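Protein chains in written order, with full-length UniProt numbering: chain C, 1 to 261; chain W, 1 to 261; chain P, 1 to 261; chain B, 1 to 261.
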């Protein structure tokens, strides 16, 4: 029973590689998460436990894959940016995409209990992933801006939508809420939230409005000396999580290490 | 904060599709499973719990994705065959590959306890996946034969290897075992197993020697009538698991529905 | 001035290959041939010289590339079919496509004079090309049928269109001809040709209505013996040109060698 | 005879596109030019007529395709650089590659007589082509440097090789010449040329040593006024040909328009 006779079938593999010297972005997306969030009674419009679990899983992925320099998450999606020069798996698309997608899925489930202590997973959730190359820093920043703008737009809409639906004195059906919000612009949604529900949208937690940005930063950490007798400061390249604006220049100017790697 | 300004970045996506009217095979592989099996004290050369978990996870994937007509697993890998005519996700490679890889990972972890009752997962395992197209039935069968021949060759080697290492009266180091087996053919390994360890290789469980084949078969199942008063037979298209030979013609002749779909 | 420092740029090449064991079809198409035919006063609706030149160029390509088993031409396009098992240029798409496109272009110009004796080429024409894989014989035949049905539909339309425009007693503008033919079916066009212009469409030359099919056939050729004293018959695998139907089964049954290679 | 039944075959086309916002380089290469140059008695090591024909054909391609900003030719190859932002044929790889390859071939043959007045083409030459994307200016410049360094290395070797073979007083066979040059470095080849043949390599024509660079430059051209009475200067964006160094910074600093487009 020799293998050799059948090995020709390996030649049918394509092995698409991602163009060298470009930023690689892999976006992981929740698969059928509408059903998943509803069966697990996620808080609406945002479930903080879920966002924190997403962030935690993403952080673990970054610890595992040192070539990820930046990650951005919102809702049920997470984008991971590999440094331009990465040669991970020889830049084979299927290998990078599937491994990261699996690792994220795996961490999401493994650490579920840490964030949903009282809630059992009812069935195994899954994600999909895709890889895209961006040739310039500007293209990459525009990609990040695209995701953060998307976060803002969806969150403003969802906040207004669920305020109407969850309005205890005058609850609307989902269809009614949809009709009310149809064709309203941002200002109108802000206004509705403020006048009807006393919600100042801009005061809502940044994690909801801006999403989560993970990146590496040299940070001082407390450490014990070897003999354990005293404490010292050590410098480590830690993955940190922030929720600020990444569309403007400020974030990038304050963290020049991200794009310079 | 409009999205439109940034949406051009979507144009950088490639959306590779898999050639229509070909068998799609997605092979999911354990990622760094050498470390994973060792940290979780898997039995050597085969851990039946792990194989059963793999099979169970694969079965769940087949229940979720109706276009999978066949799956074959051995060791830490599983190959899934989608029917030629599938239009799942418009045959987009990244979407099919990442979704199935994630779903398999997810089920592997979710159902871990069912097979490893007493053993906690120490860290989240991950898998990678790749897709390949096969134009003809013969190419597909040769692919399946390749994996089953690979299973046989590795299992015979591993059985001999671990017999030498786990030999209580004369234990060998892994390096010694390797040296002993170097350049031996199948007959020699069979002979060594039989004369030194009383093992008739061909009597070992088929699941170890042949792997596991999952496919759909119309099966009679017992069901209650609606009023619950009596029991009836119903015909269902169930996913069944077998461990026989799939290299010869017999399996395919007995299950013509697999390739005819 | 060493090359080695710069050679890394070779890694940016993608080298897409065409799936093994599939029929490869490369279709070569005239580029801006509307202008080309008008500047060279091609007869309308068909210029027999041009069709013969196309056929001649295609024949030369088949003589150069032995793995082409079949070719079909109509108007300013030619489709070439490589046998499933071809390993030409390791099935690299860009290499196959560009080489054949260039070879066809080259022969078209080189042999121009043979068919347009009295007419000088005014400027160099060009073609583009694309490759497609077809997994089954049926897919390939459907591709061929698609091109021949396209030939028929266009030729019937063009014959009616140019009859109206070139009508000496009642010439129409191109816009008027278009308006008259808009929304007419085949029967109406046949009727118009017959009643107004006495043209029995089905009696028009097959090369116009059915295009040209080139394939290899074992043929007896007359040859001289080595000493030149007498003539003998030899069997050669010649490229022949036919203009019959290739949509029905007859052509394929009479020429089983084409698909069996 | 409807087309619609067969049109599904169009879905088998892949339509690979080239990553946006990258420099596109298409390199056209002579196909079997060893035979072609020998059957047409090209001068060795360089045939100036052929180089001028190549340049002329390239120039015509640049006039036809305005998005080509730069081209570099040497021996039987020509590289064409499209501006990063080009959207020619929606950046479809096969379309760009095959069209340019065909256009170059076509011009090469069409203008043959202009440079080989007394020599008839014996058979139609052909070329192949491939496309590569380069994300940064530096990658593009390294590509150009790679080709020019290659030109230098080959030309120095060929000059020495043909000097030995064409040496009237002591002609060597090609095999002997090869053996003499094996493992010699640049200095040794320069030395051999100078001491044995009185050739100062660095004084040889730049077109041989450096190849040909074509690019667009705003140039003053003499033109007549409309009434034809007087002559005026007009500014036009002409394709110019140079043979200087493009590895160093000077060329790029003097022609900043090339990369800034």
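Every residue, glycine too, gets a C-beta built ideally from N, C-alpha and C.
These figures come from a predicted structure and were not determined experimentally.
Exposure label - residue i; buried when at least 16 CB within 10 Å
i                      : result
residue 102 of chain P : buried
residue 189 of chain C : buried
residue 38 of chain C  : exposed
residue 221 of chain B : exposed
residue 59 of chain B  : buried
residue 81 of chain W  : buried
residue 120 of chain B : exposed
residue 240 of chain P : exposed
residue 32 of chain C  : exposed
residue 198 of chain P : exposed
residue 126 of chain P : buried
residue 115 of chain W : buried
residue 96 of chain C  : buried
residue 227 of chain P : exposed
residue 256 of chain W : exposed
residue 219 of chain W : exposed
Distance between residue j and residue i (C-alpha atoms, nearest Å)
i                      : j                      : result
residue 52 of chain B  : residue 155 of chain B : 16 Å
residue 35 of chain P  : residue 122 of chain P : 11 Å
residue 73 of chain P  : residue 209 of chain W : 55 Å
residue 287 of chain C : residue 16 of chain C  : The displayed coordinates of chain C run from 1 to 261. Any statement about residue 287 of chain C would go beyond what the structure contains.
residue 232 of chain B : residue 112 of chain B : 34 Å
residue 130 of chain B : residue 90 of chain P  : 15 Å
residue 147 of chain C : residue 173 of chain C : 29 Å
residue 196 of chain B : residue 4 of chain P   : 29 Å
residue 94 of chain C  : residue 203 of chain P : 56 Å
residue 211 of chain C : residue 78 of chain C  : 10 Å
residue 225 of chain C : residue 238 of chain C : 20 Å
residue 11 of chain C  : residue 22 of chain W  : 15 Å
residue 135 of chain B : residue 141 of chain C : 16 Å
residue 193 of chain P : residue 176 of chain P : 16 Å
residue 24 of chain P  : residue 13 of chain B  : 11 Å
Beta carbon proximity, residue i to chain E, threshold 8 Å
i                     : result
residue 31 of chain P : In the structure shown, chain E cannot be found, because the protein chains are C, W, P and B.
Test: residue i CB closer than 8 Å to a CB of chain B
i                      : result
residue 95 of chain P  : yes
residue 246 of chain P : no
residue 121 of chain P : yes
CB contact check: residue i to chain W, cutoff 8 Å
i                      : result
residue 201 of chain C : no
residue 9 of chain C   : yes
residue 153 of chain C : yes
residue 181 of chain C : no
Residues of its chain near residue i, where Cβ-Cβ distance is below 6 Å and the 5 sequence neighbours each way are ignored
i                     : result
residue 86 of chain W : 67
residue 6 of chain W  : none
residue 46 of chain B : 208
Neighbourhood of residue i by C-beta, 7 Å cutoff - its chain only, sequence neighbours within 5 removed
i                      : result
residue 171 of chain W : 165
residue 144 of chain W : 72 and 246
residue 259 of chain W : 137 and 252
residue 105 of chain P : 126 and 127
C-beta neighbour in chain P for residue i, strict 8 Å
i                      : result
residue 124 of chain B : yes
residue 157 of chain B : no
residue 81 of chain B  : no
residue 6 of chain B   : yes
residue 150 of chain B : yes
Close Cβ partners of residue i (< 8 Å) along its chain, the five nearest in sequence each way excluded
i                      : result
residue 64 of chain P  : 103
residue 41 of chain P  : 119
residue 55 of chain B  : 73, 212, 214 and 241
residue 109 of chain C : 121, 124 and 125
Any non-hydrogen atom of the ligand NAP closer than 7 Å to residue i Cβ
i                      : result
residue 113 of chain B : Among the components modelled here there is no ligand, and therefore nothing to report on the ligand NAP.
Inset, instruction - With 7 Å as the C-beta to C-beta threshold (strictly closer), list the residues of the region 12-25 of chain W near chain P in chain order. - result: From the region 12-25 of chain W, only 19, 21 and 22 have a Cβ closer than 7 Å to chain P.
Inset, instruction - Identify each residue in the region 126-147 of chain W for which the Cβ-Cβ distance to at least one residue of chain P is less than 7 Å, and report them in chain order. - result: So the close ones are 133, 135, 136 and 139.
Inset, instruction - Note down, in chain order, all residues in the region 99-111 of chain C with a beta-carbon under 7 Å from any beta-carbon belonging to chain W. - result: Per Cβ criterion, the list reads 99, 101, 102, 103, 105, 106, 107, 109 and 110.
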